[in-house]
Amino acid sequence: MPPVVPPFLVGLIVAPLAKRLLKPLMRGVVKTSVGLAMEVKKAAHEAGENIHDLAAEVAAEMVAAQIAAGDMMPHGADSARSATGGASDSGRGESAAGRSESDVRAAAKIRATAGSGKTL
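Residue numbers (our numbering): 82 to 201.
Printed below as a string of structure tokens:
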């Protein structure tokens, strides 16, 4: 009959051995998962930037299409102009402040493209 070894003696011998083997393994698992989480966060941030850039491009194209179609101002600018006291178009596209048609178009283009810059 083999000698009986108490379980706590086995634990005293196995615990340091397990610590030496499991610590690097667990460290590697944690390091890999943190790296993966950082890569996912980076990819999500880049995707958000791409969507923001795409939205800015589409908005600029819509403003350009409105200008090309003959609208003097984008839809939002009409309501802003009427809220500031209205404007009497004298057939040439001048507002009450005396801005010319080209000034209004330039301001519309600037507003449409102002949000397209990337922020860090």
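We put the CB at the ideal spot given by N, CA and C, even for glycine.
Give me the Cα-Cα distance between residue 135 and residue 145, rounded to the nearest whole angstrom. Indexing the sequence shown from 1 puts residue 135 at position 54. Indexing the sequence shown from 1 puts residue 145 at position 64. One C-alpha to the other measures close to 15 Å.
Residue 133 CB to nearest heavy atom of the ligand NAP below 8 Å: Because no ligand of any kind appears in the structure shown, any question about the ligand NAP cannot be addressed here.
Kindly indicate the opening and closing residues of the alpha helix (DSSP H) around residue 105. Stepping through the sequence shown from its first residue, residue 105 is reached at position 24. Element bounds for residue 105: 88-150.
Would you report the Cα separation of residue 123 and residue 97, rounded to the nearest angstrom? Taking the sequence shown and counting its residues from 1, one reaches residue 123 at position 42. Taking the sequence shown and counting its residues from 1, one reaches residue 97 at position 16. About 39 Å.
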